[in-house]
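Residue numbering for the sequence shown follows our numbering, starting at 1259 and increasing by one per position.
Yeah, the Cβ is synthetic: ideal placement off N, Cα and C, and Gly gets one too.
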Amino acid sequence: MPSGGPDGELAASLRYLSQRFSMPYPELKAILTDIGTEELDHFEIIGSIVHQLTRNLTEAQFSQLPFASYFVDHTAGVYPVSAAGNPFTAAYIGVKGDIIADLTEDMAAEQKARVTYDNILRLSDDPDVNNVIRFLREREVVHFQRFGEALRIATDRMDQKNVYATNPAFDKPMSNIIGANVSPMKDSNLAPLSMEKSNVSPSAMEKSNVSPLSMEKPNVSPLAMEKSNASPSAMEKTGLSPATMNKSNVSPMITDNKG
1259 MPSGGPDGEL AASLRYLSQR FSMPYPELKA ILTDIGTEEL DHFEIIGSIV
1309 HQLTRNLTEA QFSQLPFASY FVDHTAGVYP VSAAGNPFTA AYIGVKGDII
1359 ADLTEDMAAE QKARVTYDNI LRLSDDPDVN NVIRFLRERE VVHFQRFGEA
1409 LRIATDRMDQ KNVYATNPAF DKPMSNIIGA NVSPMKDSNL APLSMEKSNV
1459 SPSAMEKSNV SPLSMEKPNV SPLAMEKSNA SPSAMEKTGL SPATMNKSNV
1509 SPMITDNKG
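So this is what it looks like as structure tokens:
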């Protein structure tokens, strides 16, 4: 039963209906819900085809077909396995919790499903079966296009050049990262060293208005330090270590000039 394989209808429906929970935008939730529900309908269609093709087979016919091992375990019941006979597993689906990653995977999944139906059409000579397979193949192409539209909606809503910089499904609030015209450094007077040695816990820092990006760059660049007249030995003679200077309100440049 191909619908139980890695590119089958069961995997598709569970993938999309699971991904929908972490989608931050209602349009994307709706698309994943619609397509995931339709894939369940396709799972029923494939199951009906398999049942109709096998329900009247005799024991002799089963023994002459590659279907014999399946018959031993399931008789003529419809059990979700791949074309190779491997039982369905949740390892077939991917739920990353990231808009770009999940929608890109969904587009690839629809193309792989299309190829699977292409291969079935190459092997099958039953006109009734082939008509249904062609219909399902067409729907996979439509789903691919809809996921492409969903990806465009996601990038438009994120409204930034680098859509990989953040994950709006998890990173909240986004005001300090997306659409900010002010440099993150201007929003904070805290240097990285002073924050590392402070008594503020990470959980308290997460609740503050200081974004992680604002802590990456100090106000004094390494180039400026290199061009100063104070040598490392001169700094050592002042009795103040670099760590102590960073914790004070006086920058290293001012301290060096006074020495």
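- When the alpha-carbon of PHE1301 is set against those of VAL1390, VAL1399, ALA1412, the nearest one is in VAL1390.
- Each of MET1365, ARG1392, VAL1399, ARG1278 was checked against the Cα of ASN1377, and the nearest Cα belongs to ARG1392.
- With a beta-carbon spacing of about 7 Å, VAL1353 and ARG1273 fall inside the 8 Å limit used to define contacts.
- In this structure, DSSP gives VAL1387 a helical state, which the three-state scheme calls helix.
- Three or more beta-carbon pairs drawn from the stretch 1357-1374 and the stretch 1404-1413 are found closer than 8 Å, and the two stretches are therefore classed as touching.
- Taken through DSSP and simplified to helix, strand or coil, VAL1400 comes out as helix.
- If you look at ASP1364, you'll find it in the alpha helix (DSSP H) that goes 1357-1381.
- Under the three-state reduction of DSSP output, PRO1264 falls in the coil class, being neither helix nor strand.
- Here the alpha carbon of ALA1288 sits roughly 17 Å from the alpha carbon of ASP1299.
- Judged by DSSP in its simplified three-state form, PRO1345 adopts strand.
- In the three-state reduction of the DSSP assignment, VAL1336 falls in the coil class, being assigned neither a helical nor a strand state.
- Between MET1281 and ALA1427 a beta carbon distance of about 7 Å is seen, short of the 8 Å cut, so the two are scored as contacting.
- The alpha-carbon separation between VAL1421 and LEU1315 amounts to approximately 55 Å.
- Distance between HIS1332 and SER1261, taken at the CA atoms: about 16 Å.
- Of the candidates ARG1395, ASP1356, GLU1396, the residue whose Cα lies closest to the Cα of ALA1412 is ASP1356.
- Taking the Cβ atoms as the reference, TYR1283 lies roughly 6 Å from ARG1415, within the contact range of under 8 Å.
- ASP1429 carries a coil assignment under DSSP once its states are collapsed to helix, strand and coil.
- In summary, ARG1372 is buried, with 16 or more beta-carbon neighbours lying within 10 Å of its beta-carbon over all protein chains present.
- Leaving aside the five residues that flank LEU1275 on each side, the residues in its chain whose CB is nearer than 6 Å to its CB run, in chain order, GLY1294.
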